[in-house]
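Visitor: Below is one structure. I have some questions about it.
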Amino acid sequence: MTLNLLFFTVIIRKREISTKEYLHQQRIEKLMDEHKNRQITHQRFL
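Following the working numbering, the numbering of the sequence shown begins with 36 at its first residue and continues without gaps.
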């Protein structure tokens with residue numbers, strides 16, 4: 036009889052983001068919101 040065991044270790048760490056990355060994310064969110072608002076405005080006229 037053979038017993039095969041396999042073990043996994045998963046480590047989850049909170050990722051630290053830099054100021055540059057944070058500002059980039061904020062800019063992306065702002066642009067996405069502006070784009071959504073434009074889409075809504077254009078849909079009203081159709």
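Glycine residues also receive a C-beta, built at the ideal position from the N, C-alpha and C atoms.
My output table needs one value for Thr44: the three-state DSSP class, helix, strand or coil.
Guide: coil
Visitor: How is Thr76 classed by DSSP in three states: helix, strand or coil?
Guide: helix
Visitor: Taking the alpha-carbon positions, what's the His71 to Arg62 distance?
Guide: According to the sequence shown, residue 71 is Lys rather than His. Approximately 14 angstroms, taken between the alpha carbons.
Visitor: Mapping the DSSP letters down to three states, classify Lys71 as helix, strand or coil.
Guide: helix
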